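For the sequence shown, counting from 1, position 109 maps to 108 in numbering that gives the first Met the number 0; every step adds exactly one. Ideal Cβ placement from N, Cα and C applies to all residues, glycine included. In this text, all values refer to a predicted model and were calculated from it rather than measured experimentally. Following: one structure in structure tokens, then a few remarks.
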Amino acid sequence: MNAPTQAQAATPYELLGGDPGVRALVDRFYDLMDLEPRYAQLRSIHPTTLDGSRDKLYWFLSGWLGGPDMYQQRFGHPRLRMRHFPYAIGIAERDAWMACMRQALDEQQVDPELSRRLQEAFAGTADWMRNRAEPGQQTG
Ligand code: HEM
């Protein structure tokens, strides 16, 4: 028996609810970063106002999840790793970013299977963003 083809064809963008779904996830992510004491250190490396961060992550995720590539239209190639160089990102920052995103996915009640797939993809990108050696880590 064949598996349903409709679910296979849908992009993560569509499964998340399209434009309003992506925006709501990003807004919740930055609301949590602003509100929750456990993300205070992560919050502190961001600009004073998160308005620009919200727009950029929303534009980026729209394309990254298979929807309109709004980030690329505005800024060209994302060069995400390079754009994160100004911010010291180690294991603690990576893990805080992931925890904040996981909480946003949970609170938006994203379908568990979709949430699992998204977290896997986010985790790969977040780890790639690390640019600071951990104390005691050998560098040679
Ligand atoms: C690993 C932990 C991460 C930390 C600590 C972090 C932190 C930051 C900071 C401080 C900024 C600057 C915000 C601003 O300019 O308003 C930024 C920008 C951005 N981040 Fe991250 N980020 C992380 C992971 C990620 C991941 C996993 C993604 C995508 C899936 C992402 C996507 C972006 C985008 C698209 C921008 C805007 C880049 C630009 O145009 O300047 N970040 N991030």
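Check: Would you give the residue range spanned by the alpha helix (DSSP H) that Ile88 belongs to?; Outcome: Where Ile88 is concerned, there is no enclosing alpha helix (DSSP H), given that its DSSP letter is neither H nor E.
Check: Taking Ile90 as the reference, give the member of Leu41, Leu31, Pro19, Met81 with the closest Cα.; Outcome: Leu41
Check: Exposed or buried, which one is Ala125 when buried takes at least 16 other CB atoms within 10 Å?; Outcome: buried
Check: Quick one: is the Cβ of Thr47 within less than 7 Å of any heavy atom of the ligand HEM?; Outcome: no
Check: Rounded to whole angstroms, what is the Cα-Cα separation between Met81 and Leu31?; Outcome: 25 Å
Check: Does the structure place the region 53 to 69 close enough to the region 93 to 108 that three or more beta carbon pairs sit under 8 Å?; Outcome: no
Check: Taking its Cβ as the centre, do 16 or more other Cβ atoms sit within 10 Å of Ile44, making it buried, or is it exposed?; Outcome: exposed
Check: For Met142 versus Leu49, is the C-beta spacing smaller than 8 Å?; Outcome: Given a span of 0 to 139 for the chain in the structure shown, any question on residue 142 remains unanswerable.
Check: Measure from the alpha carbon of Gly16 to the alpha carbon of each residue in Ser52, Phe84, Arg131, Asp110, then state which is nearest.; Outcome: Asp110
Check: Please specify which runs of the beta strand (DSSP E), each continuous and at least 3 residues long, are wholly inside the region 26 to 98, giving them in chain order.; Outcome: none
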